[in-house]
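Below is one structure; the comments refer to it alone.
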Amino acid sequence: MALGLAAAILLFAGRATAGTDEAWSFGGFADTYHAARTGGDGALLSSRTRLRGELSGYRGEAFFFASFNAVHNGLLESETGIQLRESYFQHAGGNWELTAGRQIVVWGVADGLRITDLVSPMDLTEFLARDYDDIRTPVDGIRLKYLDGSLNAELVYLPVAAFDIIPLDMANPWCPFGGEGVTKVELVDAGRPAKTLENGELGLRASLYRAGLDLGFMALRTWNKTPVYLAEYAAATGTLRLRARHQRMTVLGVNVSRPQGAWVLRGEAAAYVDNLHQVLRAGIAGTVQRTDWHLLAGVDWYPGGEWTITGQFIHNRVPDHEEGMMTPARASLATFGITKLLARNTLKLSTFAYADLTNESIFNRCYADYSLSDDLHLLLGWDLFAGDAGVYAIYDDNSELWFKAKFGF
């Protein structure tokens, strides 16, 4: 079925661009990505090739967009296949804009982090060792926007709640579960809510633009996107049995952005009301809901000479913390990025690091991107994981050297 869909898109694009009155276009890219562990056995951590096709067209005030991925994954057979990525139509009239279908929703001003950007979930099949645009996944929903110069308002409804993709296959080197004696991870309860209208997700965002100041407010009735896992270990079989838990939560947030000369100042704050946490009571794992706060301050600096320097500081706090909760009462994270363009903008050098200040662990991705032409790019990079605790320390054996080639059309 997916193959037929891709063929239909290609055939329709060819017909639509053959001199008809309709304005249609077809494009996309092909890329190949391969990564190997830099220490130990030098095992491959990723090997995949992808074709992305994108079809767009409009007639009058109506617009349509669809994209698909045709992927061959040399390590994970389950990732090989053809998938519809986005498919939506859009109609604009006056101050109103309606978008319906499978789409990616981006909120907030954070870079590579989620504070208020909680509509589209994340695909963590390779943790953060992908482009962030590939980590963010589409959702099926309806968006209604009101656009009036300095005031924008947006209403989002997802009939079926969408959740993060967490790899549970131990054949995947990015599976976060394992340990001594564990030979298999089994999800015995996905914990997903029933697919009913009342279990959908509903969000509202308003943005104001005044004298160089961008100010946004949001409210989202959603679920915890990342499940809380309750685990049981069966020593006889080496099986780790997981029960995922999701609960309703409400997110209330604000974001601000202000350019100031060569600087851009950014900030976000959000309250996660009734967020779900794991707790250990009398040696028994369970869950508890709490309201926690998430704060972000960021800065982008463009000093000239094709330099870009960015930094962000994030602080999370659970005021009503309980002993035994797996989430710390306070946690801090920082990011730092540098990008430099050279050789008449044909060579880009970049590094972007996540530093878990609470657990003293780090993930840093650095790479060189060379443009052989406007359409063909060759990239060589290195991902570093280091630390003794925290989420980045889980992958401390997965520091990797990687190569990527990308051709756009």
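Position 173 of the sequence shown, counted from 1, bears residue number 184 in the working numbering, the numbering being contiguous throughout. Positions of the beta carbon are idealized from the N, C-alpha and C atoms, including for glycine. These numbers come from a predicted model, not from an experiment.
With respect to the beta strand (DSSP E) encompassing residue i, which residues constitute its N-terminal and C-terminal limits?
i	result
Y283	W274 to R292
M336	Taken as a continuous stretch (DSSP letters only), M336 belongs to no beta strand (DSSP E), as it is neither H nor E.
Y406	That residue, Y406, is in no beta strand (DSSP E); it is neither H nor E in DSSP.
K417	E411 to G419
S384	S384 -> no beta strand (DSSP E), and no H or E assigned at all.
Q271	R259 to Q271
S361	L358 to D367
I176	Where I176 is concerned, there is no enclosing beta strand (DSSP E), given that its DSSP letter is neither H nor E.
N327	W318 to R328
E165	L162 to L169
G398	No beta strand (DSSP E) holds G398; DSSP gives it neither H nor E.
Identify the continuous alpha helix (DSSP H) that holds residue i and give its terminal residues.
i	result
I146	Y143 to I146
Whole angstroms are fine: how far does the CA of residue j sit from the CA of residue i?
i	j	result
N371	I177	Note that residue 371 corresponds to Glu in the displayed sequence, not to Asn. Cα-Cα distance, rounded: 24 Å.
E137	D180	12 Å
N356	R328	42 Å
V120	R70	32 Å
S361	G297	42 Å
R240	F228	The question names Arg, yet the displayed sequence has Tyr at residue 240. About 31 Å.
L307	W393	27 Å
P376	N266	Residue identity check: residue 376 is Arg in the sequence provided, not Pro. Straight-line Cα distance between these residues: approximately 26 Å.
L368	A255	28 Å
Y99	L198	32 Å
V82	H45	13 Å
G51	E334	38 Å
A425	W107	There is no way to answer for residue 425, as the model of the chain reaches only from 12 to 420.
A29	A77	Confidence at A29 is low in this model, with a pLDDT of 49, below 50, so the placement of that residue should be treated as unreliable; the coordinate-derived value is given next. Between A29 and A77, the C-alpha separation is close to 19 Å.
W185	V193	15 Å
T43	R59	6 Å
E33	E72	12 Å
A27	K417	With a pLDDT of 48 at A27, under the threshold of 50, the modelled position of this residue cannot be trusted, and the question is left open.
T207	A173	13 Å
L109	G190	48 Å
Using 8 Å for Cβ pairs, my map puts residue i next to residue j. What's the rounded Cβ distance?
i	j	result
F79	R96	6 Å
L219	L226	5 Å
Y381	L358	5 Å
Y168	G202	The Cβ separation is near 23 Å, so there is no contact.
L250	A282	According to the sequence shown, residue 250 is Thr rather than Leu. Rounded, the Cβ-Cβ distance is 38 Å, inconsistent with contact.
E65	G38	5 Å
L383	L389	6 Å
G401	D407	With 8 Å as the limit, G401 and D407 do not qualify as a contact, their Cβ atoms being about 10 Å apart.
| task | Please determine if the stretch 268-277 and the stretch 229-236 are in contact, where contact requires at least 3 C-beta pairs separated by less than 8 Å. | result | As far as the Cβ criterion goes, the stretch 268-277 does not touch the stretch 229-236, which means the pair count is below three.
| message | I'd like to know if the stretch 337-350 and the stretch 320-327 are in contact, where contact means that at least 3 CB-CB pairs between them fall below 8 Å. | response | Yes, since at least three Cβ pairs between the stretch 337-350 and the stretch 320-327 fall closer than 8 Å, the two stretches touch.
| Is the stretch 46-58 close to the stretch 84-95, with three or more CB pairs under 8 Å? | The stretch 46-58 vs the stretch 84-95: in contact.
| message | Quick check for students: name the residue ranges of the beta strand (DSSP E) that lie wholly in the stretch 178-254, counting only runs of 3 or more. | response | The stretch 178-254 contains these whole beta strand (DSSP E) runs: 195-200, 212-221, 224-234 and 239-245.
| request: Would you check if there are 3 or more beta carbon pairs closer than 8 Å linking the stretch 148-159 to the stretch 105-117? | output: By the Cβ rule, the stretch 148-159 counts as touching the stretch 105-117, because three or more pairs are nearer than 8 Å.
| query | Going along the chain, which unbroken runs of the beta strand (DSSP E) with 3 or more residues stay wholly within the stretch 104-152? | reply | The stretch 104-152 contains these whole beta strand (DSSP E) runs: 107-114.
| Which full runs of the beta strand (DSSP E) of 3+ residues lie inside the stretch 42-106, going along the chain? | Those beta strand (DSSP E) runs which fall completely within the stretch 42-106 and span 3+ residues are 55-70, 73-84 and 92-104.
| task | Answer yes if the stretch 203-217 comes into contact with the stretch 159-174, meaning at least three C-beta pairs across the two stretches below 8 Å, and no otherwise. | result | Output reads yes: the stretch 203-217 touches the stretch 159-174.
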